[in-house]
């Protein structure tokens, strides 16, 4: 399991997330049979193969899952059939739909909206403060850079920048700054996305803010999902079917006869006693021997009767 950025910082408003722990798809998503219990629902599977022959298998659940009071759409992915699925969780809105998440995702991926978003975020951050225009511009540029970097590679891209460009003793502080910028900007990203869709601004409460934070986690996890499209199962029609298989079996009568003889032979082995008798005639007398596959008391009695019979026949002769 690959652990992503150590951006576990920033106490969030309304105590919604005490710590934002960022992991890869394998860490943030839940496996079947984990703490949420096993997932049981319709889940069609598909396999995508790239130009290099590498295949990824996807599993999409129709029924959403609930965790910590919130609902998520679940999709699994794995690149090796010997490994368990790793699951992506997409938060659902009040209509139990991924439409709100998709609007947010599309806005994050659209650089043409960044100027409007960073203007909103900067205005809110600088409200009531005496900040020089140069500092405001620097903050605005930082908002755009964080949005662009996050949209390109999620939290992993921010981590990579910190590892490559920032001294180790300053990474934690800068990581906190980036997280706070992203937490504030995501509200404006959603508002711009809502406005472009002709919808009302996103409600400003704890429940809807948690949706935005969960969406950030899902957007980052989509980097590992590695699929150009997301397939959502909206319904299914169960079809019952039955079939009659007809085959040609040449020589089946011979097989049946052989099977019958085999059964008869087994029965004879169990219930028919084999007895062998040897009789040796000599000038000075006669020798008699008898054997059987099962030596029991009946064999001794049969031997005595045979001896008596032969003696009787010899006396009459």
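Residue numbers (my numbering): 88 to 404. In this text, a Cβ means the ideal position worked out from N, Cα and C, and glycines have one as well.
- The residue from 254, 343 and 317 with its alpha-carbon nearest to that of residue 132 is 317.
- Between the segment 138 to 152 and the segment 277 to 290 there are fewer than three C-beta pairs closer than 8 Å, too few to call the two in contact.
- Comparing alpha-carbon positions, the option among 355, 354, 369 and 375 lying closest to residue 363 turns out to be 375.
- Residue 209 carries a helical assignment under DSSP once its states are collapsed to helix, strand and coil.
- Rounded to whole angstroms, the gap between the alpha carbons of residue 371 and residue 402 is 15 Å.
- Residue 147 sits in a strand when the DSSP states are folded into three classes.
- When only Cα atoms are considered, residue 378 and residue 395 end up about 17 Å apart.
- Inside the segment 336 to 368, DSSP marks whole alpha helix (DSSP H) runs of 4 or more residues at positions 339 to 358, from first to last along the chain.
- Under the three-state reduction of DSSP output, residue 395 falls in the helix class.
- From the listed residues 200, 197, 156 and 162, the smallest Cα separation to residue 181 is found for 156.
- A buried status is given to residue 178, since no fewer than 16 other beta-carbon atoms sit within 10 Å of its beta-carbon.
- The alpha-carbon of residue 330 is positioned some 26 Å away from that of residue 342.
- Judged by beta-carbon spacing, residue 305 lies within the 8 Å limit of residue 175, meaning their Cβ atoms are closer than that value.
- In this structure residue 211 is in contact with residue 271, their Cβ atoms being roughly 7 Å apart against a cut-off of 8 Å.
- DSSP, reduced to helix, strand and coil, places residue 154 within a strand of the structure shown.
- Assigned with DSSP and collapsed to three states, residue 163 falls in strand.
- Along the segment 241 to 295, the alpha helix (DSSP H) occurs as fully enclosed runs of 4 or more residues at 258 to 283, listed in sequence order.
- In the assembly as shown, residue 388 is an exposed residue. Its beta-carbon has fewer than 16 other beta-carbons within 10 Å.
- The three-state secondary structure of residue 142, taken from DSSP, is strand.
- A Cβ-Cβ separation of about 12 Å leaves residue 209 out of contact with residue 233 under the 8 Å criterion.
- When the five nearest sequence neighbours on each side are left out, the beta carbons in the same chain lying within less than 7 Å of the beta carbon of residue 194 are those of 200, 276, 279 and 280, in order along the chain.
- In the three-state reduction of the DSSP assignment, residue 170 falls in the coil class.
- In the displayed model, residue 372 falls within a strand according to three-state DSSP.
- Secondary structure note for residue 134: its beta strand (DSSP E) is the uninterrupted segment 132 to 136.
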